[in-house]
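Heads up: the structure comes next, in structure tokens.
There are 2 protein chains.
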Amino acid sequence: MSDSMEPAEVKRTEALSAEIFTNIANKWALLIINTLGEGTMRFTELCAAVEGVSHKMLAQTLRILERDGVVNRLVHPTVPPRVDYSLTDAGLMLRTTVNAMCVWTRQHVHHIDQARQRFDERQV
Amino acid sequence: MSDSMEPAEVKRTEALSAEIFTNIANKWALLIINTLGEGTMRFTELCAAVEGVSHKMLAQTLRILERDGVVNRLVHPTVPPRVDYSLTDAGLMLRTTVNAMCVWTRQHVHHIDQARQRFDERQV
DNA sequence: TGAGAGAGGAACCTCGAGGTGACCAAGCAG
DNA sequence: CTGCTTGGTCACCTCGAGGTTCCTCTCTCA
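Line by line, the protein sequences are chains A and B.
According to the numbering used here, the residues represented by the first sequence are 9 to 132, in order.
According to the numbering used here, the residues represented by the second sequence are 9 to 132, in order.
Right under this line is the structure:
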């Protein structure tokens, strides 16, 4: 971030950051980014690969991610249509941190399971 | 993850992971974890520090995070009550990845802003 | 006497996230 | 001529996320 920004510009940037964060810090977006990190996929493939997503949410989330320059959308003008989705460079960088979150989850499943049991006992 | 797990155990672990991921991959949880990474805070401090959160959502999210062993809750038996929140060790590790996401957002604001303009022009 | 302070809990209400299913376009196989 | 294909969009409906407001508990200070 440049230090030579006007206050108005700074404010806009912050608002933008908050909005972007809201777009990304969301279950489906994160799962899609993580799945797409494994390579280019088509719509239907993605729909099957992302556990539990509906085609509506997938389409909706993909458009948001495409708009934010995280996902590339390549349409082949064939019939029936064929659309390839992949991560942009920015998306790939983001994917490494998302992946770290997934790794953290897997590493701490056991710890969390125990923490929950302790917590639930305390409540009765 | 041990490789000597029974299928049922593996399945349970996966379900648990999905649940944990859903708990954490959520705007408020991530913002709280990130904010709390800067140090111990009290409820009201946190409520002010996390932009836009209501006290209900804060309380709700904090309980989930506490149950999952991500957040420590320390009650001082004084009057009026005083409660300190901080991250556990697991929470601190998670925080580094969450923080990476925030850094990514700030680094790519400009890029995303441009991507959006291009996208919006194309649609008309 | 009564107001205020800190950390919530409970009740109530609204609005939008998200699921489901129908529909479409365009060409090819049968 | 029909139906299947893929990648969506649209309309409809439901349910729960989340906001708002009021309550509480105990002590202190005015």
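Even glycine gets a Cβ: it sits at the ideal position worked out from N, Cα and C.
Among the options, the one whose alpha carbon lies nearest that of residue i
i: MET49/B; options: ASP97/B, ASN80/B, ALA23/B and MET13/B; result: ASN80/B
i: ILE41/A; options: ARG114/A, LEU95/A and ALA23/A; result: LEU95/A
i: CYS55/B; options: GLY45/B, ALA67/B and GLU46/B; result: ALA67/B
i: LEU24/B; options: CYS110/A, ARG130/A and GLN131/A; result: CYS110/A
i: ALA26/B; options: GLN125/A, GLU129/A, ARG114/A and ARG126/A; result: ARG114/A
Per-residue contacts from residue i into chain B (C-beta, under 7 Å)
i: HIS119/A; result: GLY77 and ALA98
i: LEU102/A; result: TRP112
Beta-carbon gap between residue i and residue j smaller than 7 Å
i: GLY77/B; j: ALA123/A; result: yes
i: TRP36/A; j: THR105/B; result: no
i: THR69/B; j: VAL117/A; result: no
i: ILE32/A; j: ILE120/B; result: no
Neighbouring residues, chain B, relative to residue i (Cβ below 9 Å)
i: SER12/A; result: By Cβ distance, chain B contributes nothing, its closest Cβ being about 14 Å from SER12/A, past 9 Å.
i: HIS8/A; result: Residue 8/A cannot be examined here, being either before or after the span of chain A that is shown, 9 to 132.
Listed by chain order, chain A residues near residue i by CB distance under 7 Å
i: ALA67/B; result: Residues of chain A passing the Cβ test: none, with the nearest at roughly 15 Å.
Sequence-distant residues of the same chain with beta carbon closer than 8 Å to residue i, five excluded per side
i: GLU74/B; result: ASN80 and ARG81
i: LEU100/A; result: GLY45
i: PHE13/B; result: Contrary to the premise, residue 13/B reads as Met rather than Phe in this sequence. Only THR21 meet the Cβ criterion.
i: ALA47/B; result: In the sequence on display, residue 47/B carries Gly and not Ala. Excluding residues within five positions, the ones whose Cβ falls inside 8 Å are SER94.
Same chain only: Cβ atoms within 7 Å of residue i, ignoring 5 sequence neighbours per side
i: ARG103/B; result: ILE41, ASN42, GLY45 and LEU95
i: ARG90/A; result: ARG50 and HIS84
i: HIS63/B; result: CYS55
Within chain A, partners of residue i - CB distance below 8 Å
i: GLU74/B; result: PHE127
Same chain only: Cβ atoms within 6 Å of residue i, ignoring 5 sequence neighbours per side
i: LEU39/B; result: VAL58
i: PRO88/B; result: none
i: ASP128/A; result: none
Listed by chain order, chain B residues near residue i by CB distance under 8 Å
i: ARG124/A; result: ARG75, ASP76 and GLY77
- Item | Interface residues of the stretch 19 to 38 of chain B facing chain A [CB-CB below 8 Å] | Residues passing the 8 Å Cβ filter: THR21, LEU24, SER25, ALA26, ILE28, PHE29, THR30, ILE32, ALA33, ASN34, LYS35 and LEU38.
- Message: For the stretch 39 to 60 of chain A, list every residue whose C-beta sits within 9 Å of some C-beta in chain B, in sequence order.
- Response: Taking 9 Å as the upper bound on Cβ-Cβ separation, chain B lies near residues LEU39, GLU59 and GLY60 of the stretch 39 to 60 of chain A.
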